[in-house]
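Take a look at the structure below.
This is the structure:
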């Protein structure tokens, strides 16, 4: 398959969007999204231009290092409030519009911000979990994030003053002053709590990947928007589509691991490109 790459600074030209719309018209399309889709909502990208180098929380570190766990919970609390304040952008709303029109079958997202659902998308597979839930690693009890946040603030009053921090796409933030920080435990069994997101070194839950695989299996085309595809789960879904010889469209500012396997690569902003496709396909 020969990739047609259309390079632009931020907005795909009309002819490029016409070509993508013509390719997708009449095909039930699945969509895979990454952090680049949420940058227009104020949530930073891991690998986009200007993104700071950082080391995300590793599952083994979270389990075995109490100080690292304290730092994560302090930072994640600040990040959670910023995620809650974020609003769906034009890209999220355009995908909801395409789904409502019956043009896409659903969205698989590597993001944990919940913005697809808030934008109105109905069939969303949160491949890496969602920050609005917290789970107990011992008894599997789930809690709403707001209830755990209230407990955190009651036990750690200084959390409300942590303003000058850098928030990451997984909701974590850089907070260094964690001496004396109190970590919440499960109110049911006293076990260890963890935000319901997939950490590095942790496997995507089988049920989630099965749902994502089913979406791609039932599709006639695949759009990948705002993902560099550096995470293995995204590559596996891309390969599933490639083996079935589905038309693949990649929309991203910057290189991705899927560029060589796409039929069309739009080097363009995701929000504007998805809005342009919605205008052409949904009317």
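Numbering (full-length UniProt numbering), first residue to last: 1 to 283.
Heads up, the beta-carbon is just placed ideally off N, CA and C, and yes, glycines get one too.
Answer yes or no: the CB of residue 215 versus the heavy atoms of the ligand GTP, is any distance below 7 Å?
-> Among the ligands in the structure shown, none appear at all, so the ligand GTP cannot be discussed.
Burial state of residue 145, where buried means 16 or more other Cβ atoms lie within 10 Å | buried
Residue 33 versus residue 210: straight-line alpha-carbon distance, rounded = Cα to Cα, residue 33 sits roughly 17 Å from residue 210.
Would you list the residues sitting across from residue 106 in a DSSP beta bridge?
-> 30
Pair every Cβ in the stretch 251-265 with every Cβ in the stretch 54-74, then say whether three or more of these pairs are closer than 8 Å.
-> no
Based on the DSSP output, what are the partners of residue 200 in its beta bridges?
-> 58
Nearest residue (CA-CA) to residue 91, options 244, 84, 120 = 120
Quick one: measure Cβ to Cβ for residue 100 and residue 280, integer angstroms, because I've assumed they're closer than 8 Å.
-> Contact flag wrong, Cβ pair sits at about 16 Å.
Supposed contact pair residue 20 and residue 266 - C-beta distance, whole angstroms, cut 8 Å = 7 Å
Rounded C-beta distance between residue 127 and residue 207? I'm assuming under 8 Å.
-> Not really, about 11 Å apart at Cβ, beyond 8 Å.
Are the stretch 135-142 and the stretch 188-202 touching by the rule of at least three beta carbon pairs closer than 8 Å?
-> yes
CA-to-CA distance, residue 262 to residue 291, given in whole angstroms = Because the chain is modelled from 1 through 283, residue 291 falls outside the range shown and cannot be assessed.
Could you tell me the distance, in whole angstroms, from the CA atom of residue 104 to the CA atom of residue 55?
-> Taking the straight line from one Cα to the other gives about 34 Å.
Cut-off 8 Å between Cβ atoms - residues of its own chain near residue 50, not counting five sequence neighbours on either side = Summary for residue 50: the model assigns pLDDT 48, below 50, so the residue's position carries little reliability; its value from the coordinates is reported in the next sentence. The answer is none, since no qualifying residue turns up.
Reference residue 22; option with closest CA among 231, 272, 264, 199 = 264
Using 10 angstroms around the beta-carbon of residue 270, count the other beta-carbons present and answer buried if the total reaches 16, otherwise exposed.
-> buried
Cβ atoms of residue 26 and residue 227: under 8 Å apart, would you say?
-> Contact: no.
Look at the alpha carbon of residue 242 and the alpha carbon of residue 229, and state the distance between them as a whole number of angstroms.
-> A straight line joining the alpha-carbon of residue 242 with that of residue 229 spans about 14 Å.
Cutoff 7 Å; reference residue 219; Cβ partners in own chain excluding five residues on either side | 28, 29, 30, 105, 246
Measure the beta-carbon distance from residue 58 to residue 201 and round it to whole angstroms, keeping in mind my assumption that it falls under 8 Å.
-> Contact holds; Cβ gap of about 5 Å.
Alpha carbon to alpha carbon, how far is residue 237 from residue 212? Give it in angstroms, no decimals.
-> 8 Å
Three-state secondary structure (DSSP) of residue 219 | Collapsing the DSSP output to three states places residue 219 in coil.
Report back the beta-carbon spacing between residue 197 and residue 129 to the nearest angstrom; my notes put them in contact at under 8 Å.
-> The beta carbons of residue 197 and residue 129 sit about 4 Å from each other, so the pair counts as a contact at 8 Å.
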